[in-house]
Each structure stands twice: as C-alpha cells, then as structure tokens.
Amino acid sequence: MKSTTRVCVIGGGVVGCSVLYHLAKLGWSDVMLIERSELTSGSTWHAAGGFHTLNGDTNMAALQGYTIRLYKELEALTGMSCGLHHVGGITLADTPERLDMFRAERAKHRFMGLETELVTPEEIKKLAPVTNIDGILGGLYDPLDGHLDPSGTTHAYARAARMKGAEIVLRNPVIETNQRADGTWDVVTRDGTIHAEHVVNAAGLWAREVGALAGVYLPLHPMEHQYIVTEDLPEIFERDGEHPHVVDPGGESYLRQEGRGLCIGFYEQPCEPWAVDGTPLDFGHELLPDNLDKIEDSIAFAYRRYPILERAGVKNVIHGPFTFAPDGNPLVGPVRGVRNYWSACGVMAGFSQGGGVGLMLAQWMIEGETERDTIAMDVARFGDWITPGYTRPKVVENYQRRFSVTYPNEELPACRPFRTSPAYDIWDARNAVFGAQFGMEVVNYFALPGEARFETPSFRRSNAWEATRAEVQAVRNHVGINEVHNFGKYHVTGTGARGWLDRIMAGRVPQPGRMSLTPMLSPRGRLFGDFTISCMGEDDFRLTASYGAQDFHLRWFLQNLPTSGVAVENVSDTFIGFQIAGPNAPELLGRVVREDVSETAFRFMDVRRMVVGMSDCMVQRVSYTGGPGFEIFSDPGNQRALYSVLSEAGADLGLRPFGMRAMMSLRLDRFFGSWGREFSPDYTPGETGMDRFIAWNKAGDWIGKAAASAEKATGPARRLCVFEVDALDADVVAYEPIWLDGEVVGFCTSGGYSHHAGKSIAMGFVPTDRITDDLAVEIEILGDMIPARRITTPLIT
Ligand SMILES: Cc1cc2nc3c(=O)[nH]c(=O)nc-3n(C[C@H](O)[C@H](O)[C@H](O)COP(=O)(O)OP(=O)(O)OC[C@H]3O[C@@H](n4cnc5c(N)ncnc54)[C@H](O)[C@@H]3O)c2cc1C
424 MKSTTRVCVI
434 GGGVVGCSVL
444 YHLAKLGWSD
454 VMLIERSELT
464 SGSTWHAAGG
474 FHTLNGDTNM
484 AALQGYTIRL
494 YKELEALTGM
504 SCGLHHVGGI
514 TLADTPERLD
524 MFRAERAKHR
534 FMGLETELVT
544 PEEIKKLAPV
554 TNIDGILGGL
564 YDPLDGHLDP
574 SGTTHAYARA
584 ARMKGAEIVL
594 RNPVIETNQR
604 ADGTWDVVTR
614 DGTIHAEHVV
624 NAAGLWAREV
634 GALAGVYLPL
644 HPMEHQYIVT
654 EDLPEIFERD
664 GEHPHVVDPG
674 GESYLRQEGR
684 GLCIGFYEQP
694 CEPWAVDGTP
704 LDFGHELLPD
714 NLDKIEDSIA
724 FAYRRYPILE
734 RAGVKNVIHG
744 PFTFAPDGNP
754 LVGPVRGVRN
764 YWSACGVMAG
774 FSQGGGVGLM
784 LAQWMIEGET
794 ERDTIAMDVA
804 RFGDWITPGY
814 TRPKVVENYQ
824 RRFSVTYPNE
834 ELPACRPFRT
844 SPAYDIWDAR
854 NAVFGAQFGM
864 EVVNYFALPG
874 EARFETPSFR
884 RSNAWEATRA
894 EVQAVRNHVG
904 INEVHNFGKY
914 HVTGTGARGW
924 LDRIMAGRVP
934 QPGRMSLTPM
944 LSPRGRLFGD
954 FTISCMGEDD
964 FRLTASYGAQ
974 DFHLRWFLQN
984 LPTSGVAVEN
994 VSDTFIGFQI
1004 AGPNAPELLG
1014 RVVREDVSET
1024 AFRFMDVRRM
1034 VVGMSDCMVQ
1044 RVSYTGGPGF
1054 EIFSDPGNQR
1064 ALYSVLSEAG
1074 ADLGLRPFGM
1084 RAMMSLRLDR
1094 FFGSWGREFS
1104 PDYTPGETGM
1114 DRFIAWNKAG
1124 DWIGKAAASA
1134 EKATGPARRL
1144 CVFEVDALDA
1154 DVVAYEPIWL
1164 DGEVVGFCTS
1174 GGYSHHAGKS
1184 IAMGFVPTDR
1194 ITDDLAVEIE
1204 ILGDMIPARR
1214 ITTPLIT
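Here our numbering is used: the first residue of the sequence shown is 424, the next is one more, and so on.
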C-alpha cells in the first residue's frame, strides 16, 4: 500500500469504483481506493442490478443515460463481462396523470437523445405478455432499460481503474480521517496511514460513519428493501427473447426476468428505515431476515398485475439495506467548509447513476467544475439546518413515493412545517397555502374564502388559478406584500470587499447608496449565480440571490476568499422582511418613513438605511414583479412589527399579501429569468442575456472573463427567447421541446401564465441562426404541439 496519494477514495462499492475509474480516466492516475472488506461489500452485492434512464430531473436522466452507455465501453476496455441484458423496459400508466407525466418525460427525452416511446396497452401486452393490462392506459417504453451483474460490473470498473494506474487496497478499514493545516488529509487505516491531497467518501451504507470521522454530517439514511426471485417458469424460459422489465407504479413494483424465472421487487408503503443509530461496522455480506409480511399487500397487487406469479415458487428472497438522501438523488461534490473533502454517497440506484456520479465528481475534482449543472445531485442542495431527525422521515417519504407521479406544483408533506419566519402565523391565519424551499416555509398562495388550503398536484392549471389571479391583480392595480425571507443573503465586509466582489462577480460593483445586478461566473464562463449587490458603504455590501442556492454560493465564496481583508457572512435567515410592489407601493412606503421616497429622491436601484415604523431597515427600490416596488430588510425580531406598520398604512391602498405563484406569474410580464430555470451552470451569460450586466471595461481580471469574452467575440450559438403560447389548460413548466419546421431545435427553461396579460408565456433556447423577430414555433406540452410566437416587448412597461 502506498503512503501518499493524490486522492483516497473510501469504499469499494459500485460508486467508489466508478469514481476511481473516472479519476484515472480523466488523467489523475495517482489515486487509490481503500475498501474495508472485499469490493461490493456494502449494498452493491445484493442489488437487483436493474438500470433505467427515467428521472424527474433532466440532468440526472442524461447522466443515467451516460451510465448505461458506459457499460459497453467498460467491457471493451477490460475484457470483463458486466452481464448486460439490454432487454428494454416499460413503465405502466394506470391513471391519466401518470400518462401526462410520461408525455412530458417523452417530450424532454427528444432533445436529450433518449429514445423512449409511449406505448398502448395492446403493445404492452405484446412486449411484456405476463402483464395483465386491465386498467392500464399506456406506458413509456425505454429501449435502454435492462439489468446487469452488480459484482461483475463493479469489478470491471475496478479493473479499468487499475489499468489506468489506480491502486485498490482491500480488507483494510479506514478508521480516521484527519485534516492537516494545509488542507491535505491523513487517512488512517488499520494497516497504516496514507497522506492524501483529497478524500472521497464513497462509503455507501457507512457514509454517515465515515463522514463523522471528518466531522461531516451527510443527510442520508439506509432503508430496508426486498425483492423475490421465482423458480423457473416455462412461460418465461420458453420465450424466444428475454422478457423486458416492467415497472408498475400502481403496485410499487419492478419486475424482470432472472434466469429462467422472474424477479420482482417492491417499494412498499409500510417500509422500514434501517440502522437508525448507525450502520454496524461488522455488517457485510449478509442479508436481513425475510419479511414477507411487510410486502403482503404489494404481493397481492402483483398477483393481479402478473397472474403468473401466483403459481410461481419462490427461489430466493433478497432483503438488504441501501441509502437514500431526502429527495432520493445522490449527494455528490465538495463538502462546504471542509477543504478537499468530497462526497459520493446517497446513491440509491448505483447501476443507473454510478457512472454519471463518477464522471461528474472526477470532472469537479480535476477540472474545477462539471460539464453540466449538477444541482440535482449536489451535496450543497441541503444546508446546515438539516438533521438526522429531518432526514429519516424525508427518506421514508421518498421511498414510499419512489414510483409516484411527481407534479411540477407538488409540495411534499413530511417534516412540515419545519423552518418558519416570524410572519408564518400571520399568513397561516390568512389561509396561506405553503410550500417549502430549502426547508423554509414559503407562501405559495392564499386560498380564497371557502377554498381548500391545498393545491391539487397537476401538470395542468391547478385550483390555485383564481387565487393567484386575484393576487396578481392586487399587485398590478394596487399594492401587494410578501416576504423576502426566501432570498439568499450575504453580508460582505472589509477593506478588500470591493476588490473581492470585482473579482468574483462579472458585473459592476455599485457605489454607496446604489445597487447593481450581476452574474457570477465559473472559470468556464457558466452562470454560477445571478446576484443583486447593494452597497451600504465602501466596505459594506449586501448580496441577494437564490435562497435554495445558499450552500452552493457560500461554498464558492469560501473557495475563493482571500485569507484577509474580506469577510462573508450568510445572513439569509437573520436579515428578513418584506417586499411591497405595485402602483401604490411608493405611497405606502412614504407613509411609514420620514424620508422623501419619491422617484427623484429615491431612484430605481437606490438603497438606503431607513427607519420604517419602529424598525431600523435597509430599503431598496427594486422589484422582481416588474413595476414599482421596494424591498425592506430588517432583523427577524422586528418582522411582525414591520408587518403591522405596513398593513395598517396600506389598508386603504388595497394592500394584499401575495405568494410565490403570483410572483412567478408577475415576473413573466417583464421576461425576468429565475435561478435554476433560465439561469444555471448549464448556461452562459451570452445565451441568457445576462451579458448585459457584465462590466466588460472594469479594471483587472474577474472569474470567467476569458470565457465570457470569447463568447462575446463569437456570439452564443443559442439564445433565450420569450414566446406567447396558445396553451389551453397546461402551460410550459420546463424542458418542453421547441419544434421548428418539423424538428426539435430547442427547449423551454420555464413558463407559466401571465394573469396580468391573460397570456401563456414560455422562455426557452433557440439556435441563434434560427431566431427572427416573428419566429413561430410549436412547443410540445404534454404530447400536444402548441403553436407559439416569439415576443420581444415586455407585457408591462
Ligand atoms: C435489495 C436491493 C436491490 C437493489 N436493486 C438495485 C437495482 O436493481 N439497481 C440499482 O441501480 N440499484 C439497486 N440497489 C441499490 C444499490 O445497491 C446501491 O445504489 C449501490 O450499491 C450503492 O453503492 P455504493 O458504492 O454507494 O455503496 P456500497 O455498496 O454500500 O459500498 C460502500 C463500500 O464502502 C466500504 N466501506 C465502508 N466503510 C468503510 C471504511 N471505513 N473503510 C473502507 N471501506 C469502507 C464498504 O465495505 C462497501 O464496500 C438495490 C439495493 C438493494 C438493497
């Protein structure tokens, strides 16, 4: 065993081996993997080995496609078999909603290069004859679905990594990970200490324990899971070809051929978290005792869906644990605040996702950033607020919903409410329907009198429609109020603050009393953030950005912070308040402050410290709703008093609270993009129009300058356009394909309904050379081709 290495990967399951292979493949050959036992000794060895591309997140689905295509490459490289069975798979739809979901997924797959197809019940019967199609409305067929040999595949990754110079050490547990002052690590194993520049936690079932060695909490939890292998069945082994996979979401089961019989696994409702207080260190190549009682209802359902099972003998029951994050996606990337410590855990579908996880992590470590947006799997999508007490019920919820339809407007109930602002009770008393963002309760809308306080999950316009329209009208015609607690906020101070902001932000850093909008770029010129900078003094700045991107942004700040002269503090939850927006907003503000806040005295993008009622506040003239508006920030302790002052003063001005649904409709009127939709690391400033906020002439270098300048010189190959869509009852959500002259030329980033203009609006990318002022396209929404026309004039001035 060598004693120094560039990277020490802890854990030899499918994920650790994939990370090791990708590191070596991308050029870091001085890498090693430490496994406490044999390769596959965690959840990997007892996996059912199924793989599929379907994932609600588009980037995750693309990475699953990458993983599946990689297996042939591995086989060719190593000469080893992964035991591949590319038999194709069908996911059944037994409700119209699920069919809607498949139509939306199928549409997305068109520009992702995935060849899924919608199939009729009759086609399902032909493809998968063991299926009883009673009540089935259709299905989604994916030719890439299949299964493999988990052990063979893991060993193929391992051999491929070794062939590229990586070392693998077996039967040697890591017992400590200690960081040196220079950020490198001493990885203490039973057989000696390794000095490593980087550590990767790929310890799967033991990722919590290995994380704790470095003081890191990773929000994941193991769940028990069972599948059954049947005795031989003539209907199966006498077939010409292999039976395809069938996922039956209604029965929460997946079924496939296994040898001469079948294998069926369940995501049962009475599921059980495993090893709540920690994974036993001596757990290894053993299974959990069978528990058929737990899956009794699932089995009964499966007998109806696949009557053949009723006469099938049981050959094996496999019952083992594997880990989930609260939202079911992996936890990958650099752990904020712990230098050179990387997470590659929480991978619940190692054979669908392991390749993509390995590729993304290796790119991140070697090249500094990934080729695509990884936010869906980024460990930074959960903040410091997350605890084991939150993780466990969320993981149970996720397990139970493994095959549920996921709706774009859906809010999940587990662990709610958890984090709230002081104004929560005020909204609650006014019939608020809440959502959760980064753990925080946020008002989506206020249910109208007599309406249920629940938004029906739907791919189409929901029951929030009328309430949202009323809130939009209040903002456009009078004045609306909502909270600013769900903005990410940072206080940047120190003599070096301006210089640092000039380097980390591509835009102009404002003068005292003024604000600016700016993109933050990655070295490759991709969007890492869209920020508002407010300058309160030469060495005192406030930044605002997306609330959900807090850990992502903070991690980037810390990675780029000089050792002295600048301090960055996350004040997202300690600097909150309200925004007021609408034509009566200036009058309302004028009534509660002593300053002159007329448009000439307090201009657009001005920021001031003001006393509002009794509260010392930072007030800025800006609005995300378009039209007149102010953001008023203060201490959380003052929030309720601030609300009383504003609501009393605004009563005769038509003041009405509004929620996020209205906000997202209002922003469409001014074509404002939003983080995670129009703005993400997948896109560039030139593509999104954020280049208009770049300060090209500012002195000195800034992160992303070379790449952004190169894009400026050539012009982007695609650009964001806004469309008016002839939608009837379903608006664009995201990733719907944009068709032009019979081919898919682009995709939507977001959309919705402008209640102010009475129009369905979409934003999306189109190749630059296809863009004209009067561009007419079709947008595929839930399988229907909907005409849409480009618009260039905002819906309000
Ligand atoms: C019954 C069942 C069926 C499944 N079916 C499928 C399926 O069909 N398709 C699919 O994609 N996925 C399936 N899975 C999930 C799949 O098994 C996991 O996604 C995958 O195994 C995760 O791999 P991993 O490498 O992250 O973790 P693990 O396999 O748990 O590997 C972690 C490794 O780290 C090692 N380790 C831990 N601590 C230390 C230490 N201190 N020092 C050194 N080494 C250490 C362990 O020994 C272990 O080998 C199934 C899981 C179960 C339980």
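Note that CB positions come from ideal geometry on N, CA and C, so glycine has one too. Since the model is a prediction, treat every value here as computed from it, not as a measurement.
message: Please classify L485 as buried or exposed, where buried requires at least 16 other C-beta atoms within 10 Å of its C-beta.
response: Reading off the sequence shown, one finds Ala at residue 485, where the question assumed Leu. By the 10 Å Cβ count, A485 comes out buried.
field: Pairwise C-alpha distance: L950 and H914
entry: 21 Å
message: Within 10 Å of its beta-carbon, does F745 have 16 or more other beta-carbons around it, so buried, or fewer, so exposed?
response: buried
- prompt: Does DSSP put Q1062 in a helix, a strand or coil?
  reply: helix
task: Take A920 and list the residues in its own chain whose beta-carbon comes closer than 6 Å to its own, dropping the five residues that flank it on each side.
output: D962, F964, V989
task: Could you spell out the range, first to last residue, of the beta strand (DSSP E) harbouring A1185?
output: 1182-1190
Environment of L871 [buried if 16+ CB atoms lie within 10 Å]: exposed
- request: Check whether the Cβ atoms of R1104 and D750 lie closer than 8 Å to each other.
  value: The amino acid at residue 1104 is misidentified as Arg; the sequence shows Pro. Going by C-beta atoms, P1104 is not nearer than 8 Å to D750.
message: Given this structure, state the Cα-to-Cα distance separating P1085 from R883, to the nearest angstrom.
response: A small fix is needed here, since residue 1085 is Ala in this sequence, not Pro. Spanning the alpha carbons of A1085 and R883 requires a straight line of approximately 16 Å.
- prompt: Hey, is the segment 1106-1114 in contact with the segment 929-946, meaning 3+ C-beta pairs nearer than 8 Å?
  reply: Using a C-beta cut-off of 8 Å, the segment 1106-1114 makes contact with the segment 929-946, since at least three inter-stretch Cβ pairs fall below that distance.
query: Beta carbon of Y489: closer than 7 Å to some heavy atom of ligand 1?
result: no
query: Which two residues bound the contiguous alpha helix (DSSP H) that contains Y640?
result: Neither: Y640 is in no alpha helix (DSSP H) and is coded neither H nor E.
Status (buried if at least 16 other CB within 10 Å, exposed otherwise) for V991: buried
- request: Pull up the DSSP beta-bridge partners for A1199, would you.
  value: DSSP output for A1199 lists R1212 as bridge partner(s).
query: Helix, strand or coil: which one does DSSP assign to L782?
result: helix
- request: With a threshold of 16 other CB atoms inside 10 Å of the CB of S1067, please say whether the residue is buried or exposed.
  value: exposed
- prompt: How is H578 classed by DSSP in three states: helix, strand or coil?
  reply: helix
query: DSSP state of N752, grouped into three classes?
result: coil
- request: Please indicate yes or no: does the CB of M771 lie closer than 7 Å to some heavy atom of ligand 1?
  value: yes
query: Taking buried to mean at least 16 other C-beta atoms within 10 Å of its own C-beta, is Q934 buried or exposed?
result: exposed
query: What are the boundary residues of the alpha helix (DSSP H) that R1090 is part of?
result: For R1090, the uninterrupted alpha helix (DSSP H) segment begins and ends at 1083-1092.
task: Could you say which of G779, V670, G743 lies nearest to R728 if we only look at CA atoms?
output: V670
- request: Quickly, what does DSSP pair K912 with across the bridge? List them, please.
  value: T967, per the DSSP bridge assignment.
In DSSP terms, what F1053 is bridged to: I1003, R1044
query: If we count the other Cβ atoms within 10 Å of its Cβ and call it buried at 16 or more, is K531 buried or exposed?
result: buried
query: Smallest Cα separation from I598: which of W608, F980, T612, G606?
result: T612
field: Paired residues, beta bridge with W765 - DSSP
entry: V623, P757
task: Pull up the CB-CB distance for T514 and G562, whole angstroms please, since I reckon it's below 8 Å.
output: 6 Å
query: Roughly how many angstroms lie between the CA atoms of V865 and Y690, to the nearest whole one?
result: 30 Å
query: Using a threshold of 7 Å, is the CB atom of T916 nearer than that to any non-hydrogen atom of ligand 1?
result: no
- prompt: Beta carbon of P596: closer than 7 Å to some heavy atom of ligand 1?
  reply: yes
- request: Just confirm the distance between the C-beta atoms of W468 and P573, as a whole number of angstroms; I'd bet it's less than 8 Å.
  value: 6 Å
- prompt: DSSP state of M483, grouped into three classes?
  reply: M483: helix per DSSP, three-state reduction.
query: Quick check: the segment 623-631 against the segment 430-438, are there 3 or more CB pairs under 8 Å?
result: yes
query: Which residue from P753, H901, S466 puts its Cα closest to that of L1076?
result: H901
message: If I measure Cβ to Cβ from R1222 and keep anything under 8 Å in the same chain, skipping five residues before and after, which residues do I get?
response: Absent from the model: residue 1222. The displayed extent of the chain is 424 to 1220, so no value can be given.
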